[in-house]
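Q: Following this message is one structure expressed as structure tokens.
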Amino acid sequence: MTFLTASLFTQHYTDYLLRSLQGPIPHNDSELLRYIRDEVLHEPSSEPYNFLGENSLASRMREESELFYNKSLRAIFKDKRGGFFVEAGALDGETMSNTLWLEVEQGWNGLLVEADSAAFLALTTKHRKAWAANVCLSPNPYPSKEIFNQLPHHSGPSAAPIGYKIRAMNSLLKFSSNMILANSWFEMIQCLPLESILLAMGVRQVDLLVLDVEGAEMAILGHLDLHQFNVQVLCMEWKRRSELESVSRNFSQRGYKEVARTTEDLILVKQDSPYAHVKLTAD
């Protein structure tokens, strides 16, 4: 039996197919980075802020985690100006935001990532002075389409202020709790590796990375090269409370130390960071 070599056939196939046969698109593919810059990233707004502020019921009903992060991050960063943050699970850019005060009060820039299209639309009306992307952070080290689980939307007078807190529980299906699936609906959404977005932006240092992505945190961070990307402070929610200790140990091996935690929230600081001396305890 005679086998013809592949080289005889390459002229009949597209570059797309030949590249795809090699596996998923690598996170640093030049065309992927150009696509992110051209089609995914929304530039910081130059318009005046448009916040509900104290008129929002949500702002008057603060969650325990909001109070914890606000107090802890103010103690860590103090009066530091001009830093860079990434907040994934940014919702509408105001409700439960852990980065808003850094932007407004201390002149930080950053990246807001929100997968929910309705929440992202609301985010664009807030006129945040940060980059924004309506995608999910990929649990894989390459782009992928994933099933996104959404809880029922609510109407009525409390929908705007409270609805985004409900949307905060939306998640990728593979990380969703079985308890909430019966009352949910689903859509396919685009996911991109965090490292791809940062490379497209030309960002190598992140002073604060906030992940509130309902169970996908370790999958996202598992393939993030923390030597290539200098993440100083990491905040993440971890609902499986029995695993908090092992998560903390895992990041200790990657050069981070725990400085504070609550029952579901964890703050880690890079051991050679200027903030490494901080020791916080939750009230």
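Just so we're aligned, residue 1 is where the sequence shown starts under the UniProt record's numbering, counting upward by one. All C-beta atoms, glycine included, are put in the ideal place defined by N, C-alpha and C.
1. So the candidates are G222, L192, E87; which of them puts its Cα closest to the Cα of H27?
2. Shortest alpha-carbon distance to K126 belongs to which of E217, R62, D92?
3. Rounded to whole angstroms, what is the Cα-Cα separation between L268 and R128?
4. Which runs of the beta strand (DSSP E) fall wholly inside the region 94 to 143 and span at least 3 residues, in chain order?
5. On a CA-only basis, which of Y13, E66, I36 is nearest L111? Give me that one, please.
6. Roughly how many angstroms separate the alpha carbons of T124 and K257, rounded to a whole number?
7. Does the structure place the region 62 to 81 close enough to the region 30 to 49 that three or more beta carbon pairs sit under 8 Å?
8. Tell me the rounded alpha-carbon separation between E237 and I25.
9. So the candidates are N98, L209, I147; which of them puts its Cα closest to the Cα of F84?
10. Look at the Cβ atom of L41, then the Cβ atom of W131, and state whether they are nearer than 8 Å.
11. In the DSSP assignment, what residue or residues form a beta bridge with E195?
12. From the DSSP output, which residues share a beta bridge with Y256?
13. Using the beta-carbon count (16 or more within 10 Å), is E187 buried or exposed?
14. Determine the contact status of L266 and V278, defining contact as a CB-CB distance below 8 Å.
15. So within the region 25 to 52, which uninterrupted beta strand (DSSP E) runs reach at least 3 residues, ignoring any that extend past its ends?
16. What do you get for P143, buried or exposed, if any count of 16 or more other CB atoms within 10 angstroms of its CB means buried?
17. Return the chain-ordered list of same chain residues with a C-beta closer than 6 Å to the C-beta of L181, the five sequence neighbours on each side being excluded.
A: If we stick to the structure as given:
1. Here the question's residue 27 lines up with position 27 in the sequence shown. H27 has its Cα closest to that of L192, out of G222, L192, E87.
2. The residue given as residue 126 occupies position 126 in the sequence shown. The residue with the shortest Cα to Cα distance from K126 is D92.
3. The residue labelled residue 268 in the question sits at position 268 within the sequence shown. The residue labelled residue 128 in the question sits at position 128 within the sequence shown. Roughly 26 Å separates the two Cα atoms.
4. 109 to 113, 131 to 133
5. Looking up residue 111 in the sequence shown gives position 111. Taking only the C-alpha atoms, the option nearest L111 is I36.
6. On the sequence shown, position 124 is the one that residue 124 refers to. On the sequence shown, position 257 is the one that residue 257 refers to. Going from the Cα of T124 to the Cα of K257 covers about 35 Å.
7. no
8. The residue you call residue 237 lines up with position 237 of the sequence shown. The residue you call residue 25 lines up with position 25 of the sequence shown. Whole-angstrom Cα-Cα distance: 29 Å.
9. Locating residue 84 in the sequence shown gives position 84, counting from the first residue. Considering only alpha carbons, the answer is L209.
10. Start at 1 with the first residue of the sequence shown, and residue 41 comes out as number 41. Start at 1 with the first residue of the sequence shown, and residue 131 comes out as number 131. Closer than 8 Å, so yes.
11. Looking up residue 195 in the sequence shown gives position 195. For E195, which the question treats as bridged, DSSP gives no partner whatsoever.
12. The sequence position of residue 256 within the sequence shown is 256, counting from 1. According to DSSP, Y256 bridges with K270.
13. Residue numbering aside, residue 187 sits at position 187 when the sequence shown is read from its first letter. By the neighbour-count rule (16 or more Cβ atoms within 10 Å), E187 is not buried but exposed.
14. For the purposes of this step, residue 266 is taken as residue 266 along the sequence shown, with counting starting at 1. For the purposes of this step, residue 278 is taken as residue 278 along the sequence shown, with counting starting at 1. It is not a contact, given that the beta carbons lie outside the stated cut-off.
15. none
16. Locating residue 143 in the sequence shown gives position 143, where the first residue counts as 1. So P143 counts as buried.
17. Residue numbering aside, residue 181 sits at position 181 when the sequence shown is read from its first letter. With a pLDDT of only 48 at L181, under 50, the local geometry of the prediction cannot be trusted, and the value read off the model is given with reservation. Contacts found: none.
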